Amino acid sequence: MAILQQSLTGRNEDGALELEDIQHFLMSRPPARAARYEFLTFRSAACGRAWLMGLIDKVGTAKAVGSNLVDSRWVTIGFTWNGLRALRVDEASLATFPEEFRQGMAARAEILGTTGANRPDHWVGGLASRDLHAIAILFARDVAERERCRQEHEHYLVQCEGVELLSSLDLEALPPFDYAHEHFGYRDRLSQPVIEGTAVEPTPGSGPPIKPGEFFLGYPDEEGPAAGMPQPGILSRNGSYVAYLRMKEHVGAFRNFLREHGETPEQQELIAAKLMGRWRSGAPLVLAPDKDDPSLGADFQRNNAFTYADTDPNGYACPLGAHIRRMNPRDTAVNMNRRKMIRRGGTYGPPLPEGAPEDGIERGIAAFVGCASLVRQFEFAMNVWANDPNFHELGNERDPIFGTQDRTFDMTIPKRPVRKKIRGLPAFTTIRGGAYFFLPGIRALRYLASLGDGH
Amino acid sequence: MQHPSKETFMATPAPARPKETDWTKPAAMAIPKDGYFTLEKGRYGPIFPKTPACHGFSVVAKVIPGREQAIRDYGKKIEEAVKADPFVLAPLRLHYLRWILFDVGSGLHFMYQGIFDTDFDKYLEDAVALFVKTGITTVFVNLEGWPEDWKTNVAGVIKFFHDHQCPSFLEYGEYPYVTADEIKKALKLKAAFADMLDLMQ
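Going line by line, the protein sequences match chains A and B. When we follow this note's numbering, the leftmost residue of the first sequence carries the number 1, and every step to the right adds one. When we follow this note's numbering, the leftmost residue of the second sequence carries the number 1, and every step to the right adds one.
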C-alpha cells in the first residue's frame with residue numbers, strides 16, 4: 001500500500017530507496033560470468049513500446065536481485081535520448097533532460113577527450129548513430145544461460161517487427177575465475193561506492209556511504225534535496241544515467257612496453273604497478289611500495305585502506321599520474337562525494353596467452369558508469385581525471401591506461417634521487433564506441449510502454 | 001642561476017599547448033575578442049587558454065540599486081573566513097583575487113577578478129560548492145542576473161559566471177606560466193637553503 005501511495009504522489013515520505021522500482025543494475029552485482037549487450041533501434045514508436053511492454057517483467061529489480069539468489073539471468077533496459085523521442089515522449093518532457101544527455105556521448109567527444117583514434121567516426125556497432133535508441137543488457141550466470149537468453153530475445157525480436165538489432169557484444173569473464181581481472185591482468189572491481197540506505201558496510205578506506213541521489217534520480221544527493229529532475233516525475237524517478245564505453249585493450253603493445261621498460265620480470269611487474277597504482281594482484285602501491293603482496297590485493301578489508309595526502313604526497317609509492325590516483329584521488333581532491341560513480345561491465349574477446357604475439361583479435365572492456373549527472377560525474381572524470389594533461393600539475397600527462405594517448409604525453413614515476421620519466425607513451429587502449437543511456441525505474445518503463453502516439 | 005639577459009615583450013601567437021615555458025622571459029599574449037584562439041569545448045562552455053598570466057576570470061555584473069553597502073560589508077566577512085581557516089580557498093588554486101566596485105556613469109558595477117592555475121571550466125562545480133560553503137555566493141545575490149534559485153540550481157550559477165565573464169584581450173606575466181605551487185616550492189627551497197647556510201656557520 002505504501003508503494004502505491006508513493007507511486008501516486010511521486011514521493012517517498014521517508015526517503016527510503018524504492019528497491020522494487022529501481023532496476024537492479026547499479027544496485028547489485030549478481031554472480032555473472034557472461035553477458036551480452038544488444039543495441040537496438042525502433043523503426044516505429046508502437047513497435048518499440050510493444051517490445052518494451054513484453055520485456056518489463058523480465059527486468060530485474062533491485063529488490064528481486066537482492067533477495068533471489070536462484071535466478072541465473074539479469075536483464076536491464078536503457079534508452080538514449082533519441083530512443084525516448086522514438087517512443088514518442090513529448091517534446092516538452094524531452095527538453096527537461098540535461099543537455100549532455102540530449103546531445104549524446106558522440107557529440108561530447110571533444111569534451112570527453114575521445115579524440116584521435118578514439119573519435120566517434122571510428123566507432124563500431126552504430127553506437128555514434130542517431131538510430132541508437134535502446135540497450136538491452138543481459139548478465140547471465142554462465143555462457144550457456146547467456147546463449148539461451150540470446151536465442152529467446154532473438155525469437156522475441158522476430159515478433160517485434162520494427163525493432164531491429166543494430167549491433168551486439170558478447171562478454172565473458174576471463175579465466176581463472178577466482179577473481180575478476182581484465183586482459184592486462186589487473187585485478188578489477190576493487191573500489192565501489194556504497195549507497196546510503198542499502199545496509200552494505202563500506203570496506204575500510206572506501207569512504208562513507210554516498211547519498212542515493214548521486215546515483216538515482218529523485219533522492220537527496222550530497223548537496224541536498226533532489227532538484228531539477230526531468231519531467232514528468234514518473235519518468236525520471238528511480239532512474240539513472242549510464243555512460244557506456246567499449247574500450248579495446250592492446251595487450252601486445254602493453255606487454256611489449258613492460259619488456260621495453262623492465263629488464264627482469266620483477267621490474268616489468270613494477271612498471272605495470274606504477275602505471276596502475278596497484279600491483280596486478282590488486283595490492284595498492286601506497287601499502288606495498290616495493291614488492292607485490294597478493295594476500296593484501298585479495299583482502300577487501302585492507303586493499304582500499306589508504307590515502308595519499310599524508311602517506312605518499314610526492315608519489316614515491318603511487319605516481320601522481322597513475323590510473324587509480326587519477327580516477328579516484330581520494331583525499332587529494334575536493335568534493336569527492338560528488339564525483340563518485342558506480343561501475344558495471346566486463347571483458348570481451350579471448351585472452352591473449354602469455355608469451356603469444358598480438359593476434360589482431362579485438363579484446364577489451366565494455367563497461368558502464370552509472371550516475372545521476374553525466375556532466376558532473378562521468379564527464380568530469382573523462383575531461384579532468386583521465387585526459388587533463390595538467391592534472392595534479394603534471395604538465396604533460398594523461399591517464400597512462402585509460403587516457404587518450406598518441407605518443408605525445410609522458411608518465412612521471414617519482415623516485416629518489418631522480419624521477420623516471422617515460423616520454424611518448426603509446427596507447428594501451430582505444431575507445432571503440434560509447435553512448436549515454438537513461439535507465440528508467442520500473443514504473444517509468446510501464447509509463448513509456450503505455451505512451452500513445454498523440455502523447 | 002640563469003637570469004634574463006634582456007627583457008622581451010612579445011605578442012605570442014596562440015600557443016596551442018605551452019608544454020615548455022620559460023619563466024625567465026616575461027611574455028604577453030594578445031587574445032581574440034571571444035577570449036580564445038580556437039574553440040575548444042569544455043563541459044559548460046568554451047575553454048579559455050592559459051596565458052602568461054595563468055588562468056583567470058573577470059566577472060562583471062551590475063549591482064542591484066541600494067546594495068552597495070551590503071557588498072562592502074561582505075569584504076569583512078571573507079577576510080574573517082580566511083583568517084579563521086587560511087586554506088579555505090585552497091581548492092581554487094589561486095594566485096590573487098580582487099573585488100572591485102565601480103561606476104563609470106552606467107550605474108554601480110561589481111567586478112570579481114581572479115588569477116589561478118586551473119582551467120575555469122574544469123573545476124566550476126568545486127568552485128561553486130566552495131562559494132556556497134564560505135558564503136562568497138551571498139555577495140552575488142546583490143547582483144542583477146543572479147539566479148534566484150541559486151541554492152538548488154548549480155547549472156544556473158555556472159551559467160551566470162559564464163554569461164558575466166569578460167575575457168581579457170591582453171595578458172602579461174613577468175614570470176609567465178608559473179603556478180602558485182611552483183612559487184611556494186621555490187620560496188620553501190630558499191628558506192631551506194637559508195637555514196642550511198645558517199647551520200653551516
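Cβ atoms here follow ideal geometry from the backbone N, Cα and C, with glycine treated the same way. It should be emphasised that the depicted structure is a prediction, and the values quoted were computed from it without experimental measurement.
Three-way DSSP call (helix, strand, coil) for residue i in this model
i: W81 (chain A); result: helix
i: Y74 (chain B); result: helix
i: H181 (chain A); result: strand
i: M247 (chain A); result: strand
i: Q377 (chain A); result: helix
i: P284 (chain A); result: strand
i: P220 (chain A); result: coil
i: G441 (chain A); result: coil
i: L157 (chain A); result: helix
i: W51 (chain A); result: helix
i: S5 (chain B); result: Note that S5 (chain B) scores 36 on pLDDT, short of 50, meaning its location in the model is unreliable; the coordinates nonetheless yield the value given after this. The answer is coil: DSSP assigns S5 (chain B) none of H, G, I, E or B.
i: Q231 (chain A); result: coil
i: M27 (chain A); result: coil
i: L448 (chain A); result: helix
i: P167 (chain B); result: coil
i: P212 (chain A); result: helix
i: P508 (chain A); result: This structure cannot speak to residue 508 (chain A), because chain A is shown only from 1 to 455.
i: R146 (chain A); result: helix
i: E18 (chain A); result: coil
i: A16 (chain B); result: No answer about A16 (chain B) holds up, because its pLDDT of 43 lies below 50 and its placement is not dependable.
i: K516 (chain A); result: This structure gives no information on residue 516 (chain A), because the portion of chain A shown stretches from 1 to 455.
i: L143 (chain B); result: strand
i: K41 (chain B); result: strand
Residue i and residue j closer than 8 Å at C-beta
i: G48 (chain A); j: I135 (chain A); result: no
i: T61 (chain A); j: E20 (chain A); result: yes
i: P215 (chain B); j: V334 (chain A); result: This structure cannot settle anything about residue 215 (chain B), because the visible part of chain B is limited to 1 through 201.
i: N328 (chain A); j: S191 (chain A); result: yes
i: S212 (chain A); j: G197 (chain A); result: Looking at the sequence provided, one finds Pro at residue 212 (chain A) rather than Ser. The answer is yes: Cβ separation under 8 Å.
i: F438 (chain A); j: L84 (chain A); result: yes
i: L445 (chain A); j: L52 (chain A); result: yes
i: D406 (chain A); j: R423 (chain A); result: no
i: L171 (chain A); j: Y348 (chain A); result: yes
i: G218 (chain A); j: R237 (chain A); result: yes
i: S44 (chain A); j: G162 (chain A); result: yes
i: T76 (chain A); j: V59 (chain A); result: yes
Residue range of the unbroken beta strand (DSSP E) whose run includes residue i
i: R102 (chain A); result: Where R102 (chain A) is concerned, there is no enclosing beta strand (DSSP E), although the alpha helix (DSSP H) it sits in stretches over E99 to Q103.
i: A366 (chain A); result: G364 to C371
i: E56 (chain B); result: Note that residue 56 (chain B) is Gly in the sequence shown here, rather than Glu. From DSSP, the beta strand (DSSP E) with G56 (chain B) extends over H55 to K62.
i: A30 (chain B); result: A27 to A30
i: F39 (chain A); result: A34 to F42
i: W385 (chain A); result: Looking at the DSSP string, W385 (chain A) is not in any beta strand (DSSP E), and its letter there is neither H nor E.
i: F306 (chain A); result: F306 (chain A) -> no beta strand (DSSP E), and no H or E assigned at all.
i: H109 (chain B); result: H109 to F116
i: D170 (chain A); result: V163 to E172
i: T137 (chain B); result: No beta strand (DSSP E) holds T137 (chain B); the alpha helix (DSSP H) holding it covers T137 to F140.
Cβ separation of residue i and residue j, assumed to be a contact under 8 Å, to the nearest whole Å
i: P147 (chain B); j: F161 (chain B); result: Contact doesn't hold; Cβ gap of about 11 Å is too wide.
i: P232 (chain A); j: S450 (chain A); result: With a Cβ gap of about 13 Å, P232 (chain A) and S450 (chain A) do not count as contacting.
i: F120 (chain B); j: F48 (chain B); result: 6 Å
i: V82 (chain B); j: C166 (chain B); result: In fact, because the Cβ distance is near 25 Å, the residues do not count as touching under 8 Å.
i: V128 (chain B); j: I158 (chain B); result: 7 Å
i: F382 (chain A); j: G113 (chain A); result: What sits at residue 382 (chain A) in the sequence shown is Met, not Phe. About 6 Å separates the two Cβ atoms, so the contact holds.
i: Y156 (chain A); j: A435 (chain A); result: Going by Cβ atoms, the distance from Y156 (chain A) to A435 (chain A) rounds to 22 Å, so no, they are not a contact pair.
Residue i, enclosing alpha helix (DSSP H) - first and last residue
i: M327 (chain A); result: H323 to M327
i: G297 (chain A); result: P294 to A298
i: A140 (chain A); result: Run containing A140 (chain A): none in the alpha helix (DSSP H); it sits in the beta strand (DSSP E), A134 to A140.
i: D181 (chain B); result: A180 to L199
i: F102 (chain B); result: Where F102 (chain B) is concerned, there is no enclosing alpha helix (DSSP H), although the beta strand (DSSP E) it sits in stretches over L94 to F102.
Closer than 7 Å: residue i CB and nearest the ligand PLP heavy atom
i: N142 (chain B); result: Inclusion of the ligand PLP in the displayed structure is not the case, the ligand content being empty and no account of it being possible.
Contact set between residue i and chain D, taken where Cβ atoms lie within less than 9 Å
i: E196 (chain A); result: Chain labels in this structure do not include chain D; the protein chains are A and B.
Give me the subset of the stretch 88 to 118 of chain A whose CB atoms are less than 7 Å from a CB atom of chain B, sorted by chain position. E110 and I111
Selection of the stretch 307 to 332 of chain A by Cβ proximity to chain B, strictly under 9 Å: none
Taking only beta carbons into account, state which residues of the stretch 354 to 385 of chain A come closer than 8 Å to chain B, listed in chain order. Among the residues of the stretch 354 to 385 of chain A, those with a Cβ less than 8 Å away from any Cβ of chain B are V375, R376, E379, F380, N383 and V384, in the order of the chain.
Of the residues that make up the stretch 223 to 239 of chain A, which ones have a beta carbon closer than 8 Å to any beta carbon in chain B? E223, G224, P225, A227 and G228
Mind checking the stretch 333 to 353 of chain A against chain B and listing, in chain order, the residues whose C-beta falls within less than 8 Å of any C-beta there? Legend: CB atoms of the stretch 333 to 353 of chain A lying less than 8 Å from CB atoms of chain B belong to residues V334, N335 and R338.
Residues of the stretch 196 to 222 of chain A with a CB closer than 7 Å to any CB of chain B: list them in chain order, please. none
Using a beta-carbon distance cut-off of less than 9 Å, what residues from the stretch 118 to 133 of chain B approach chain A? T118, D119, D121, K122, Y123, E125, D126, A129, L130 and V132
Near-chain B residues of the stretch 166 to 191 of chain A - C-beta to any C-beta below 8 Å: none
Could you name the residues of the stretch 85 to 109 of chain B whose beta carbon sits closer than 8 Å to any beta carbon of chain A, in the order they occur along the chain? P91
When you check each C-beta in the stretch 40 to 59 of chain B against every C-beta of chain A, which residues fall closer than 9 Å? E40, K41, G42, R43, Y44 and K50
Residues in the stretch 143 to 155 of chain B with C-beta within 9 Å of chain A's C-beta atoms, listed in sequence order? D149, K151, T152, N153, V154 and A155
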